[in-house]
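Protein chains in written order, with my numbering: chain A, 82 to 623; chain B, 340 to 686; chain C, 21 to 155.
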């Protein structure tokens, strides 16, 4: 981040003035800090995706197949025929501009092509030229243009400046969803081998090893066992998770990011403590899997087919292990995939049972078919039935706000469950302004595979609206901890907040639960999961 | 500088000259009065139906509603049956609110960067109000025009006229006479709202930047329709009985050209015809498209019910068997259970 | 790949289209493709004998409401009762005593067109019925 300006310079540097030249005549410059590195061809090969080769976006020659225009044209047509969403969204936009300033990337960069309407127009202009009679006749004045290399580069640049957060679709009078347009555009780019490495390598890893980080089975077990030691140090209890165990009642799947990097690791420890608590108290029977060790699905950022290929492991593993249903951890796009795609793609999961909480007897009617329950739903139900012994005062050092992650918000509608849980394990909870939360929540700025290091300026720009709302509650209420239910958030927000509001940390919901959870037989806790002294224990710290 | 709205304005001017010159100089009343309107209506209906049919030929493989409210999960958590509808009734209400009241646009916010660096978002209702006024006024104006196309005039048309014209401004000077006949609010509101929408497009830098000629053209056209209509009613009055005899002839497919009807009428009629022809090939199809929008018209019970994708196909996956083959030794060493022991595989 | 000709959600889409077409073609089926003839006005003998109205026929067709409004303004607000037309002929500005003197057949003269064009003038709010018309 050394070559980035200071936050206030960054902020005053954002210019929302429109350029003098028409957008079609404004060339795209692929700028350092705003784009992600091209995919490693080896990763592309592992999945058997098209046109695996080394290439560099900054070079003139992108090493495209000779007939790339034909591939794009035919791919476009195929998707128009397969997805009504795509076809309707290409046709009915009236360019009212309601979406324009709803995009965190437009707010943060001021680049007009980051207005959702123009992002979609990048594709619509080709659509008009290639697939509508009027567009062909009228040409440029009709808003059409030919597919050229410059257009292609513009697509690549701006389709990887969209995090598919769907905030624009909340405000669109026709429900036009730019995420859907970006998804189709990225599918088309993938047909000719234009991907980014921060997506391509995780999906190759996930395909091969079961998770994005490429953690092999024995290493996965090792990593969780490190957490076992940490937990024992803090609580004096050995939590002993089980792996790949056939005959368990429930399979647990969470994003591998939580196994790998702080502060997600604390959330992961939280899961392990929770499951141990439930096993000791109620005989709860759950297993982790090393094969389905990834909740996240970067295939979603590649193509519907890749999404399906990666997602298939969840049901396959549930079937192999013979569990009754699946519990899912805290993750954003994972839950959009589960909630809106999984059952249709890889279901029906008729080999599983309709999920029932073995502890409270609650039937999760809303997950009757998919047979997958969100940990926040599961926890809210437990707390509502008073099944957890909690000491919220252990979180008294935190003044907490909750960041609704895009996908659980706008692709699911899970607003109350995590809030209910957090309010029951924390004494100090403050909401951010109403038009920055729930269905109007702002993206962390790094979703949809854009959480790389080389595009830091883009990420900080995209993270600005969220961070700015955090700053507001930090200044007004002294909020110092931002809770979320998404592994990408936990990876992205610390960076963004460190830049914009360094006084605020990021946490997962379950970490807060585990802090407050009074485990049977635990030693007197002196620190939270992060090793920070609990309230009132500070003097012992010396 | 902006060629896009100049192009559209020019197009409207040409479209004005066609019937004006055609009728006044060449007497092409049959062409502009009968043939073009009937052809236009035919194109409109066939084009509209074909367009919708075209959309329906693409399936909706995945249910992707935008959830704008609390999901239905645990019984004790209040869910949003309309913004996150799990039932068809909820979807119907959501769609009605969307189509009739532009609910999503109602949420519109305006982003502002305050001087202290804080970003703020304020409720911005003008676009919603302008759009709502425009569309409703247009609808009322169209229904009102049924008095020219029906005999006897249906009660709902008379009632609508009554409510639309209850507002009566009467003032009188030699130069400017208003008040007779009674003012139809819808016509005035339609014109005002269309001018607002146009002004917004031209004056707001962001909206101007994203606008195409195809965005200005229909606005100019509708303004032209409204102005010519208002002219005939309030200024250069026309023989309304003669016009009705003509329009009735049109819709009974037995048209005769009326005597003594001026060029304004032909301009009005031609503009309407152009709008009808243009409609199915343009963004104006949002009228039908809103009903087909998968982020709004689907239930959100996607975890509770199985929905299938008509083109779902098997994909290549990395199976557990392959995975275990890849890592068996390491798994055994780490104490992870395996389906096949090393010995079994070696044989 | 989906079958190109297949319609998805056919029931709903067709139902919607039928409603659309029915609404759009309302004038065609409502009138059963038969136009009631435009109303013919009947002139009383007195009107026929007078040959000319206060202004030309075409002017009166389109502008009579405006003229009446002007007359009302002059009489009620300004107390001027004499109207001089383009040919210099003088008339008493009075709906009842001038207009309805010739056109004493309100039902056949005024109402026919007003009904046909769905016009509800409020002349008759005050000028209750037609005092000159005797059955």
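Ideal Cβ positions, reconstructed from N, Cα and C, are used throughout, including at glycine.
For residue i, name the three-state secondary structure that DSSP assigns.
i	result
residue 326 of chain A	coil
residue 142 of chain C	coil
residue 442 of chain A	coil
residue 368 of chain A	strand
residue 365 of chain B	coil
residue 460 of chain A	helix
residue 495 of chain B	helix
residue 97 of chain A	coil
residue 277 of chain A	strand
residue 449 of chain B	strand
residue 185 of chain A	helix
residue 614 of chain B	helix
residue 28 of chain C	coil
residue 600 of chain B	coil
Taking DSSP's pairing of strands, which residues face residue i in a bridge?
i	result
residue 103 of chain C	C:111
residue 586 of chain A	A:562
residue 409 of chain A	A:334 and A:455
residue 254 of chain A	Looking at the DSSP assignment, residue 254 of chain A forms no beta bridge with any residue, so it has no partner.
residue 119 of chain A	A:277
residue 461 of chain B	B:449
By alpha-carbon positions, which one of the options ends up nearest to residue i?
i	options	result
residue 134 of chain C	B:491, B:349 and B:448	B:491
residue 502 of chain B	B:488, B:522 and B:405	B:522
residue 550 of chain B	A:198, A:413, A:283 and A:242	A:198
residue 370 of chain A	A:351, A:388, A:386 and A:325	A:325
residue 460 of chain A	A:520, A:477 and A:440	A:440
residue 655 of chain B	A:401, A:398, A:396 and A:391	A:391
residue 242 of chain A	A:343, A:336, A:382 and A:368	A:382
residue 128 of chain C	C:105, C:77, C:64 and C:82	C:64
residue 334 of chain A	A:316, A:353 and A:429	A:353
residue 408 of chain A	A:401, A:414 and A:453	A:453
residue 525 of chain B	B:609, B:482, B:599 and B:579	B:482
residue 626 of chain A	A:226, A:276 and A:215	Residue numbering for chain A in the displayed model covers 82 to 623; residue 626 of chain A lies beyond these limits and cannot be assessed.
residue 508 of chain A	A:528, A:482 and A:491	A:482
residue 91 of chain A	A:599, A:347, A:541 and A:558	A:541
residue 144 of chain C	C:41, C:126 and C:53	C:126
residue 458 of chain B	B:448, B:425 and B:403	B:448
Quick one: using the 10 Å Cβ neighbour count with 16 as the cut-off for buried, is residue i buried or exposed?
i	result
residue 506 of chain A	buried
residue 49 of chain C	exposed
residue 68 of chain C	exposed
residue 217 of chain A	exposed
residue 101 of chain C	exposed
residue 93 of chain A	exposed
residue 146 of chain C	exposed
residue 278 of chain A	buried
residue 21 of chain C	Because the pLDDT of residue 21 of chain C is 48, which lies under 50, any placement of that residue in the model is unreliable, and the number read from its coordinates should be weighed accordingly. Exposed.
residue 619 of chain A	exposed
residue 399 of chain B	buried
residue 480 of chain B	buried
residue 96 of chain A	exposed
residue 367 of chain A	buried
residue 467 of chain A	exposed
residue 85 of chain A	exposed
residue 340 of chain B	Any reading at residue 340 of chain B is ruled out, since the residue's pLDDT is 47, under 50, leaving its predicted position unreliable.
- Is the segment 183 to 192 of chain A in contact with the segment 218 to 235 of chain A, if contact means three or more CB pairs nearer than 8 Å? no
- Query: Is the number of C-beta pairs between the segment 544 to 551 of chain B and the segment 173 to 181 of chain A that are closer than 8 Å three or more?
  - Reply: yes
- Would you check if there are 3 or more beta carbon pairs closer than 8 Å linking the segment 609 to 619 of chain A to the segment 491 to 501 of chain A? no
- Item | the segment 119 to 134 of chain A touching the segment 357 to 376 of chain A, judged by at least three CB pairs closer than 8 Å | no
- Could you say if the segment 203 to 219 of chain A and the segment 149 to 159 of chain A meet the contact criterion of at least three C-beta pairs nearer than 8 Å? yes
- Query: Do the segment 406 to 413 of chain B and the segment 388 to 397 of chain B touch if we need at least three Cβ pairs shorter than 8 Å?
  - Reply: no
- Task: State whether the segment 346 to 364 of chain B contacts the segment 578 to 592 of chain B, with contact taken as three or more CB pairs (one from each stretch) at a distance under 8 Å.
- Result: no
- Query: Three or more C-beta pairs closer than 8 Å, one from the segment 559 to 568 of chain A and one from the segment 582 to 597 of chain A: is that the case here?
  - Reply: yes
- Looking at C-beta atoms only, is the number of pairs between the segment 413 to 429 of chain A and the segment 387 to 402 of chain A that lie closer than 8 Å three or more? yes
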